[in-house]
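Right, one structure below, let's go through it.
Residue numbers (this note's numbering): 910 to 1345.
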C-alpha cells in the first residue's frame, strides 16, 4: 500500500467548490473530489499548526509504519517562518527539501521542479507514505496580478454590461432583451467561469502591444495591486472595498494553488499512483478573512471559517467515488485511518469504514478548543447547533457565548442564544463536562 497526504496549511473548507463554494475556481481539486470520498463535517479539535501536526502523527504513526516496512517521506514546500516544531521532522525516513527559492516565480516552483524524481523513487516502493506540505495559502501571498484582476470587480463588469443593454431605441431594447433571455438559459458553473477569466487574462498578457491608431487608449489609471500581506488583527467586515480587496486576493491565491496541484496530480497519474496509492487532502486550520471581524489567527474565536476543514480521501482506483460522509470527523482520525490503510491496527477511529459505506461516524458532536494571545474559547457542534463558549477574553474586549442554528446558518451570522437560552444552557453544561 502507498498513501499520499497533501496538507494545505491555512485552507478553509469553504474556499473549495467541493464544499459549496460557487465563486472561487478550483477545478482540479473539484475533479479530485468527484473521484473521492468527501467528508463534509471535518472539524478541527484544535485549529493550531503544531496541534494539528501532533494529531496527525498521533500514537506513533511513523514508528508503526517503519516497523511494518513502509518508507515515510516528508516533502517540505513551505517557507522557513512556517516550519513546524523540531520533533515534527525527527521520525521520517526522508525529509525532502522543496522549499521556495528567492528567484522562483511561484512558491511551489521548487516542488514542481523536483517532485518528478522523487515520485519515480516513491512509485517503486511497495509500501510508502508521502506527505506533502505547503503554506501557499498563508500570507504574505504570492499573487499573480492577472488572476487577481480576473476576480476583482467581476460584479461591476456585469452591472456595466446590464447598463449597456438598456441603452438605445425601443427596437434595439427588444432585440437585446431577446439575446439576454438566451444568455440566461445558458448555465455556466463558477469554476468554468473563473478558469475562462484567468485564461483570458493570460491571453491578454501575452499579446504584443498594437501600433494601430484605432486601438483603444490604455486605461491611465494605475492597476490595483493585490493585498498580499494583510495585517493580522481586527477587520471591519462592513467596509465593502476592503472586503473585496482581501477576498479577491485570497481567491486568486487559491486558484493558483489549484492549478499547481493539478500539475502534481498529473505527475502522480503518469506513474500509476492514481491506481496504486490512496490520496488525502486536508488542512490544519482555516485562515480567517474578516468574516467575524478578524484577519488571521488574532483571537481564538472558533467560527466555521477557522475550524471547518477539508478532508478529501481518494482511494486507489477511485473506489467509492462521489461518496459523501456527513458524520463528524476530526484531525486525530487521520493517523488511525492511515494505519488501517497499511493493514495495521487502527488504534483509534479509522475513517475507512465510513469511506466504504460500511459504518457511520460514532461522534454525536465535535468539540474544539483553542488558546491564543491571552484568550481562550471552546466550541461544541452538533447536528442542530454550534455553541461557542469564551473562557478568557482580553480586557476591554466584548465576547459573549454564541449559539447558531445548524445546518441552516452555515456562515454563523445569526446568534440565536437569546431566543433559545434553554438549548444554549444545556450545550454549555455539556461542554463544561467535556472539559473535566
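The beta carbon of each residue, even a glycine, is placed where N, CA and C say it ideally should be.
(message) Helix, strand or coil for residue 1345? Go by DSSP, reduced to three states.
(response) Position 436 of the chain shown, counted from the start, is the residue given in the question as residue 1345. Three-state result, residue 1345: coil.
(message) Under 8 Å: do the region 1029–1043 and the region 1139–1159 share three or more Cβ pairs, one atom per stretch?
(response) no
(request) Name, in chain order, the residues that DSSP records as bridge partners for residue 1299. (result) As a working note, residue 1299 is residue 390 in the chain shown. Paired residue(s): 1286.
(request) For residue 934, count neighbouring C-beta atoms within 10 Å of its own C-beta (all shown protein chains included) and say buried if the count is 16 or more, exposed if not. (result) As a position in the chain shown, residue 934 is number 25, starting the count at 1. With 16 or more other Cβ atoms within 10 Å, it is buried.
(message) Given a cut-off of 9 Å on the beta-carbon distance, is the pair residue 1241 and residue 954 in contact?
(response) For the purposes of this step, residue 1241 is taken as the residue at position 332 of the chain shown. For the purposes of this step, residue 954 is taken as the residue at position 45 of the chain shown. Yes; because the gap between Cβ atoms is below 9 Å, this pair is in contact.
(message) Could you check whether residue 1274 and residue 1290 sit closer than 9 Å to each other, using their CB atoms as the reference points?
(response) Locating residue 1290 in the chain shown gives position 381, counting from the first residue. Locating residue 1274 in the chain shown gives position 365, counting from the first residue. Contact: yes.
(request) Would you mind listing the alpha helix (DSSP H) stretches within the region 1142–1204 that are 4+ residues and don't spill past its ends, in chain order? (result) 1149–1179 and 1182–1185
(request) Below 8 Å on the Cβ atoms is my guess for residue 1141 versus residue 1204; work out the distance and round it to an integer in Å. (result) Position 232 of the chain shown, counted from the start, is the residue given in the question as residue 1141. Position 295 of the chain shown, counted from the start, is the residue given in the question as residue 1204. The pair is a contact, with the Cβ atoms about 6 Å apart (cut-off 8 Å).
(message) Which residue wins for smallest C-alpha separation from residue 1032, given the options 1235, 979, 1198 and 1062?
(response) Counted from its first residue, the chain shown places residue 1032 at position 123. Looking at the Cα atoms, 979 is the closest of the given residues.
(message) Using 9 Å as the threshold, is the C-beta distance between residue 1227 and residue 1028 below it?
(response) Residue numbering aside, residue 1227 sits at position 318 when the chain shown is read from its first letter. Residue numbering aside, residue 1028 sits at position 119 when the chain shown is read from its first letter. Contact: no.
(request) Whole angstroms is fine: what's the gap from residue 1161's alpha carbon to residue 917's? (result) Locating residue 1161 in the chain shown gives position 252, counting from the first residue. Locating residue 917 in the chain shown gives position 8, counting from the first residue. Answer to the nearest angstrom: the Cα atoms are 15 Å apart.
(message) Suppose contacts are defined by Cβ-Cβ distances below 9 Å. Is residue 952 in contact with residue 1277 by that definition?
(response) Position 43 of the chain shown, counted from the first residue, corresponds to residue 952. Position 368 of the chain shown, counted from the first residue, corresponds to residue 1277. Going by C-beta atoms, residue 952 is nearer than 9 Å to residue 1277.
(request) Taking only beta-carbon positions, decide if residue 1237 is within less than 9 Å of chain D. (result) Going by chain labels, chain D is absent from the structure shown, which holds only one protein chain.
(request) Buried or exposed for residue 957, please, with buried defined as at least 16 other CB atoms from any protein chain shown within 10 angstroms of its CB. (result) Here residue 957 refers to the residue found at position 48 of the chain shown. The residue in question, residue 957, is buried, as its Cβ has 16 or more Cβ neighbours within 10 Å.
(request) Could you check which residue in 1017, 970 and 1030 has the C-alpha nearest to that of residue 1352? (result) In the structure as shown, the chain starts at 910 and stops at 1345, and residue 1352 therefore has no counterpart that could be examined.
(request) Express the C-alpha separation of residue 1132 and residue 964 in angstroms, rounding to a whole number. (result) Translated into positions along the chain shown, residue 964 becomes position 55. Translated into positions along the chain shown, residue 1132 becomes position 223. About 44 Å.
(request) Check whether the region 983–992 touches the region 1004–1011, counting contact only when three or more Cβ pairs, one atom from each stretch, lie closer than 8 Å. (result) yes
(request) With a cut-off of 8 Å on the beta carbons, I'd call residue 1306 and residue 1209 a contact; round off their distance for me. (result) Numbered from 1 along the chain shown, position 397 holds the residue referred to as residue 1306. Numbered from 1 along the chain shown, position 300 holds the residue referred to as residue 1209. That pair is no contact at about 12 Å.
(message) Please state whether the Cβ-Cβ distance between residue 1312 and residue 1324 is less than 9 Å.
(response) Locating residue 1312 in the chain shown gives position 403, where the first residue counts as 1. Locating residue 1324 in the chain shown gives position 415, where the first residue counts as 1. Taking 9 Å as the Cβ cut-off, residue 1312 and residue 1324 qualify as a contacting pair.
(message) Spatial neighbours of residue 1060 within its chain, please: C-beta separation below 7 Å, excluding the five flanking residues on both sides.
(response) Position 151 of the chain shown, counted from the first residue, corresponds to residue 1060. Excluding sequence neighbours, residue 1060 sits near 1157, 1160 and 1161.
(request) Hey, could you find the ends of the alpha helix (DSSP H) residue 1021 is sitting in? (result) One-based indexing of the chain shown puts residue 1021 at position 112. Run containing residue 1021: 1018–1033, per the alpha helix (DSSP H) assignment.
(message) I want to know whether the region 914–930 touches the region 1188–1196 - three or more CB-CB distances under 8 Å.
(response) yes
(message) Looking at the secondary structure, which residues open and close the beta strand (DSSP E) in which residue 1006 lies?
(response) Looking up residue 1006 in the chain shown gives position 97. Start and end: 1003–1006.
(message) Checking 9 Å against the spacing of the C-beta atoms, do residue 1284 and residue 1297 come in under that value?
(response) Position 375 of the chain shown holds residue 1284. Position 388 of the chain shown holds residue 1297. No, Cβ-Cβ distance for residue 1284 and residue 1297 is not below 9 Å.
(message) On the CB-based measure, 16 or more other CB atoms within 10 Å of its CB, does residue 1106 come out buried or exposed?
(response) The residue given as residue 1106 occupies position 197 in the chain shown. The predicted position of residue 1106 is uncertain, since its pLDDT is 48 and thus under 50; no value can be drawn from it.
(request) Look up residue 1248 in the DSSP assignment and give the residues it is bridged to. (result) The residue labelled residue 1248 in the question sits at position 339 within the chain shown. Bridge partners of residue 1248: none, in fact.
(request) Could you say which of 1036, 932 and 927 lies nearest to residue 1182 if we only look at CA atoms? (result) Taking the chain shown and counting its residues from 1, one reaches residue 1182 at position 273. Residue 1036 is the option with its Cα nearest to residue 1182.
(request) Just the C-alpha distance for residue 906 and residue 976, rounded to the nearest angstrom, thanks. (result) Beyond the ends of the chain as shown, which are 910 and 1345, falls residue 906; an answer cannot be given.
(request) Tell me whether residue 926 is buried or exposed, calling it buried when 16 or more other Cβ atoms sit within 10 Å of its Cβ. (result) Within the chain shown, numbered from 1, the residue matching residue 926 stands at position 17. Buried, by the Cβ-count rule.
(request) Taking residue 971 as the reference, give the member of 1134, 1002 and 1184 with the closest Cα. (result) As a working mapping, residue 971 is identified with position 62 in the chain shown. Residue 1002 is the option with its Cα nearest to residue 971.
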